[in-house]
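Contents: one structure, followed by commentary.
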Amino acid sequence: EAQVTQNPRYLITVTGKKLTVTCSQNMNHEYMSWYRQDPGLGLRQIYYSMNVEVTDKGDVPEGYKVSRKEKRNFPLILESPSPNQTSLYFCASSPLGGSGANVLTFGAGSRLTVL
Amino acid sequence: GESVGLHLPTLSVQEGDNSIINCAYSNSASDYFIWYKQESGKGPQFIIDIRSNMDKRQGQRVTVLLNKTVKHLSLQIAATQPGDSAVYFCAILTGGGNKLTFGTGTQLKVEL
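Taken in order, these protein sequences are the chains called A and B.
Take the first sequence: its position 109, counted from the start at 1, is 109 in this note's numbering, and no numbers get skipped.
Just remember that this note's numbering sits 1000 ahead of the position in the second sequence, which is counted from 1.
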């Protein structure tokens, strides 16, 4: 089944404790992206990647890092989480060309709470 | 940059009625528009899309209308069913790039 898989789905952590949310897609998509979803603010882009070793900042990159060493994986790293990073996070991917270009497939979401 | 707004945060409709969810955008260079549906506890799912060279596109029970003059986009759902209850987002691509800007979402509630 074509899908985007995120882990963990739920996480409660404490301020300053580094964490990584993994994201993997099995559709051979070039484009991958991370969003956070907060009440009243919709989906805001954190980082995106057009291909392996190519990453760029989205609208709200502060406090986050990403890497794209392999095409299928795009982990989101919080080096020193803070309470304002408590949110629902979504990873998404899409092809860059052909039919389906720009149509994002989303993961199921990772709910993160930082105490 | 692009800004996207939805007209109503919540919309309640009776089962069987038609639903209309609206979205306004700011950038006249926007050239690709997508509607997503997000059910509780899940990630957004693609419903339908439309390019700027069209003003209407129909899918199964859904129709998207694009009015470029007033920069307005709408999603119409015919014969709304309980399974249509979800948050609906419009997303807009501008200038041939790969960045989609999302609206804040409209919660559709279907009353039996």
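Here a beta-carbon is modelled for each residue, glycine too, at the ideal position from N, C-alpha and C.
Beta-bridge partners of residue i, as assigned by DSSP
| i | result |
| --- | --- |
| Asp56 (chain A) | A:Tyr48 |
| Gln37 (chain A) | A:Leu43, A:Leu88 |
| Gln6 (chain A) | A:Cys23 |
| Met32 (chain A) | A:Ser49, A:Ser93 |
| Thr15 (chain A) | For Thr15 (chain A), which the question treats as bridged, DSSP gives no partner whatsoever. |
| Ala1079 (chain B) | Note: Ala1079 (chain B) sits in no beta bridge, so no partner. |
| Ile1092 (chain B) | B:Phe1033, B:Thr1101 |
| Gln1060 (chain B) | Beta-bridge pairing links Gln1060 (chain B) to no other residue. |
| Asp1017 (chain B) | Asp1017 (chain B) pairs with nothing; no bridge assigned. |
| Val1110 (chain B) | B:Val1013 |
| Leu78 (chain A) | A:Leu19 |
| Asp1049 (chain B) | B:Ile1034 |
Exposure of residue i, with buried meaning 16 or more beta-carbon neighbours within 10 Å
| i | result |
| --- | --- |
| Tyr10 (chain A) | exposed |
| Gly109 (chain A) | buried |
| Thr1069 (chain B) | exposed |
| Lys18 (chain A) | exposed |
| Ser1030 (chain B) | buried |
| Asp1017 (chain B) | exposed |
| Ser87 (chain A) | buried |
| Val1087 (chain B) | buried |
| Gly1059 (chain B) | exposed |
| Ser80 (chain A) | exposed |
| Gly1043 (chain B) | buried |
| Arg68 (chain A) | buried |
CB contact flag (residue i, residue j, <8 Å)
| i | j | result |
| --- | --- | --- |
| Ile1050 (chain B) | Arg1057 (chain B) | yes |
| Asp56 (chain A) | Tyr48 (chain A) | yes |
| Cys23 (chain A) | Gln6 (chain A) | yes |
| Leu41 (chain A) | Thr1063 (chain B) | no |
| Pro75 (chain A) | Val114 (chain A) | no |
| Ser1012 (chain B) | Asp1084 (chain B) | no |
| Leu1093 (chain B) | Tyr1025 (chain B) | no |
| Ile46 (chain A) | Pro61 (chain A) | yes |
| Met50 (chain A) | Glu70 (chain A) | no |
| Asp1055 (chain B) | Leu1073 (chain B) | no |
CB-CB length for residue i against residue j, believed under 8 Å
| i | j | result |
| --- | --- | --- |
| Val1004 (chain B) | Thr1101 (chain B) | 5 Å |
| Ser94 (chain A) | Val103 (chain A) | 6 Å |
| Phe90 (chain A) | Gln37 (chain A) | 6 Å |
| Phe1089 (chain B) | Gln1038 (chain B) | 7 Å |
| Ala1091 (chain B) | Ile1034 (chain B) | 5 Å |
Chain C within 8 Å of residue i, Cβ atoms only
| i | result |
| --- | --- |
| Gly42 (chain A) | Among the protein chains in the structure shown, which are A and B, there is no chain C. |
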